[in-house]
Amino acid sequence: MNKMRALALSALVAAPFIVSCSVSVGGSTIDQDKLKSEITKTLDAQYTTFGQKVDSITCDDPGDDPAVDSTFQCIAKVSEADVRVEVTVTSDSGDVKYVTLDRLVSLPIMSKELTSSVSEKVGPVTVECGTGVKAQPTNSQFDCEATDDTGQTGRVTYFVTDKPENDHWKLN
Numbered sequence: 001m002n003k004m005r006a007l008a009l010s011a012l013v014a015a016p017f018i019v020s021c022s023v024s025v026g027g028s029t030i031d032q033d034k035l036k037s038e039i040t041k042t043l044d045a046q047y048t049t050f051g052q053k054v055d056s057i058t059c060d061d062p063g064d065d066p067a068v069d070s071t072f073q074c075i076a077k078v079s080e081a082d083v084r085v086e087v088t089v090t091s092d093s094g095d096v097k098y099v100t101l102d103r104l105v106s107l108p109i110m111s112k113e114l115t116s117s118v119s120e121k122v123g124p125v126t127v128e129c130g131t132g133v134k135a136q137p138t139n140s141q142f143d144c145e146a147t148d149d150t151g152q153t154g155r156v157t158y159f160v161t162d163k164p165e166n167d168h169w170k171l172n
């Protein structure tokens, strides 16, 4: 298992696009409850495609009358993963936009997808990435274990890029 291979997994269900949205959430102060509700609704629409939903959200306090272009962070708790959400104030009337800084990855789905992709390139293998979900930052990587039909093991490194269609793996 020392061959290196790369393949984009553009349709990977476990890695939805990074979410970005604009919303009006108050006057000169930010209505935290409304913001949390909007973020939850947006993320739940993405994450329910693979059986997940937001459990809770906590946000930094931007203070009274936050300046335009100021940013603060929220954390969306999804199972055992913390998905970072960056919120930017876009107007004096409390409008904001937000973007997720992490991609939620379902490890069982990733295992299945990588098993298929790696097997297609190098022959039968089983890839194990773990259980549950993880929040993976863009431009990062994580490892899974591959085992071939003779019991030989190797490492599959999965690269998370800024666009899911550019994600790829390498067999080490």
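Under the UniProt record's numbering, the letters of the sequence shown match residues 1 to 172, in that order.
Virtual Cβ for every residue (Gly too), placed ideally from N, Cα, C.
Local conformation of residue i per DSSP, three classes
i	result
residue 80	coil
residue 167	coil
residue 67	coil
residue 4	Note that residue 4 scores a pLDDT of 35, beneath 50, so its modelled location is shaky; the value from the coordinates is reported in the next line. In this structure, residue 4 counts as coil in the three-state DSSP scheme.
residue 153	strand
residue 172	coil
residue 131	coil
residue 100	strand
residue 61	coil
residue 147	strand
residue 29	coil
Counted within 10 angstroms of its Cβ, other Cβ atoms place residue i as buried (16 or more) or exposed
i	result
residue 92	exposed
residue 121	exposed
residue 113	buried
residue 38	buried
residue 87	buried
residue 124	exposed
residue 100	buried
residue 155	exposed
residue 81	buried
Spatial distance of residue i from residue j (CA atoms)
i	j	result
residue 130	residue 163	23 Å
residue 73	residue 106	23 Å
residue 63	residue 42	24 Å
residue 3	residue 116	Because residue 3 carries a pLDDT of 37, less than 50, the predicted location of this residue cannot be relied on, and the following value inherits that uncertainty. Roughly 16 Å between the two C-alpha positions.
residue 52	residue 75	16 Å
residue 94	residue 152	57 Å
residue 12	residue 110	The predicted model places residue 12 with a pLDDT of 40, which falls under 50 and marks its position as unreliable; any figure quoted below should be read in that light. Going by the C-alpha atoms only, they are around 8 Å apart.
residue 172	residue 165	22 Å
residue 57	residue 150	46 Å
residue 1	residue 143	Note on residue 1: pLDDT 43, under 50, position unreliable in the model; the coordinate value appears next. Roughly 15 Å separates the two Cα atoms.
residue 169	residue 35	36 Å
residue 167	residue 161	5 Å
Rounded distance between the beta-carbons of residue j and residue i, thought under 8 Å
i	j	result
residue 90	residue 68	7 Å
residue 159	residue 141	5 Å
Which residues DSSP lists as bridging residue i, in chain order
i	result
residue 141	159
residue 56	77
residue 173	In the structure as shown, the chain begins at 1 and stops at 172. Residue 173 is therefore absent and cannot be evaluated.
residue 85	74 and 100
residue 42	Per DSSP, none; premise fails for residue 42.
Test: residue i CB closer than 8 Å to a CB of chain D
i	result
residue 73	Any reference to chain D falls outside this structure, which holds one protein chain only.
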